[in-house]
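Residue numbers (this note's numbering): 78 to 167.
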């Protein structure tokens with residue numbers, strides 16, 4: 078009888094609900110690619126952020142914006158790959 082009680086106790090302990098850990102949900106990433114410098118198009122960038130906020134996306138809160146700048150170098154723009162933004166590469 079003791080063995081049966083022991084096995085029942087182990088089974089009950091295994092079925093005991095454990096507190097679940099909440100997983101951090103990944104934020105969506107938006108890529109912003111431009112061949113100019115950030116200073117040259119500051120108003121455009123601000124309008125882009127304002128447009129995103131109008132539809133509910135606030136940078137740093139519920140969306141991440143990855144910026145890539147070519148600074149007027151066409152060779153830098155040719156080397157951009159969309160996958161590099163997603164993978165977090167320069």
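Beta carbons: idealized from backbone N, C-alpha and C, even for Gly. It should be emphasised that the depicted structure is a prediction, and the values quoted were computed from it without experimental measurement.
Using only alpha-carbon positions, find the residue among 118, 129, 108 that is nearest to residue 145. 108
My assumption, with CB atoms under 8 Å, is that residue 137 sits in contact with residue 112. Please give the rounded CB distance. In fact, because the Cβ distance is near 25 Å, the residues do not count as touching under 8 Å.
Taking the alpha helix (DSSP H) that residue 122 belongs to, which residues open and close that run? 119-131
Coarse secondary structure for residue 145, derived from DSSP in three states: strand
What span of residues does the beta strand (DSSP E) with residue 109 cover, start to end? 106-111
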